[in-house]
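>
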Amino acid sequence: MSTHRVRRVAGTVSTDDIIPARYKHMHTDPGRLAPHLFEAYLPGFVESVRPGDAIVSDSVFGIGSSREQAVSTLLANGISLVIAPRFGRILFRNCWNLALPAIEADTGDLSEGMTISVDLERGEIRSEGDVIAGFPKPPLFLLEMIASGGLLNRVKPSPSGA
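Its first residue numbered 1, the sequence shown is counted upward by one per residue in the numbering used here.
1. Which whole-angstrom value is the C-beta distance of Gly44 and Arg5, which I expect to be below 8 Å?
2. Less than 8 Å between the CB atoms is what I'm expecting for Thr15 and Ser117, so what's the real figure, rounded?
3. How is Val49 classed by DSSP in three states: helix, strand or coil?
4. With three or more C-beta pairs closer than 8 Å as the rule, is the stretch 20–35 touching the stretch 66–86?
5. Between the Cα of Leu91 and those of Gly108, Gly113, Gly64, spot the shortest distance and give me the residue it belongs to.
6. Between Phe38 and Glu128, what straight-line distance do the alpha-carbon atoms span, to the nearest angstrom?
7. Could you say which of Lys156, Leu152, Pro85 lies nearest to Ile55 if we only look at CA atoms?
8. Assign Asn77 to one of two classes, buried (16 or more other C-beta atoms within 10 Å of its C-beta) or exposed (fewer than that).
9. Gly88 bridges to which residues according to DSSP?
10. Are Asp109 and Ile132 closer than 7 Å when you measure CB to CB?
11. Rounded to whole angstroms, what's the CA-CA distance from Gly123 to Gly134? Just pull it up for me.
12. If we count the other Cβ atoms within 10 Å of its Cβ and call it buried at 16 or more, is Leu81 buried or exposed?
13. Comparing alpha-carbon positions, which option in Asp130, Leu142, Thr107 lies nearest Cys95?
14. Could you say which of Asp58, Met114, Ile19, Asp130 lies nearest to Ile103 if we only look at CA atoms?
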């Protein structure tokens, strides 16, 4: 189980809203992209984000570009979970591939600033001990990818060669 502070984003959010396209081609270092998270979409957001925060969308999250800088910029800012009713499919896969859990769930009961606990193995979102939302449990291979630190770490041969 993991604990997060909810950070709400409203409306359909594109990958260009997450990290403006003018920066995606300039830098490949997520640390250099980090200050520009939601720059035009939510001015000032990056100054208020804290490690462990969860992005919670009320609509479709991550439509548009297939570049993984959107996810790496979220991670560089300490975002550790994304919850939305629907995701752009490529961003959804990029999230899991980079070890950022992306949960499809009803977000109506999740308000800005509230503390939630998420149990990926049970498919539960809790607040103050009560289950406030459920979601389909991710398949075991996705949970193993998260535990491994992402897809590349999951498929990397072990040092022993086994």
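All residues carry an ideal CB built from backbone N, CA and C; glycine is no exception. All figures in this text were calculated on a predicted structure; none of them were measured in a lab.
The structure says:
1. That belief does not hold up - the Cβ atoms of Gly44 and Arg5 are roughly 16 Å apart, past 8 Å.
2. Between Ser117 and Thr15 the Cβ distance is about 28 Å, and since that is not below 8 Å, they are no contact.
3. It is coil, neither helix nor strand.
4. When Cβ pairs closer than 8 Å are counted between the two stretches, the stretch 66–86 is seen to touch the stretch 20–35, the count reaching three or more.
5. Sorting Gly108, Gly113, Gly64 by C-alpha distance to the C-alpha of Leu91 places Gly64 at the top.
6. For the pair Phe38 and Glu128, the Cα-to-Cα distance works out to about 29 Å.
7. Checked all of Lys156, Leu152, Pro85; the closest Cα to Ile55 is Pro85.
8. In summary, Asn77 is buried, with 16 or more beta-carbon neighbours lying within 10 Å of its beta-carbon over all protein chains present.
9. DSSP output for Gly88 lists no bridge partner at all.
10. Going by C-beta atoms, Asp109 is nearer than 7 Å to Ile132.
11. Distance between the alpha carbons of Gly123 and Gly134: 6 Å.
12. Result: buried.
13. For Cys95, the nearest C-alpha among the options comes from Leu142.
14. Measuring C-alpha to C-alpha distances from Ile103 to each of Asp58, Met114, Ile19, Asp130 identifies Asp58 as the nearest.
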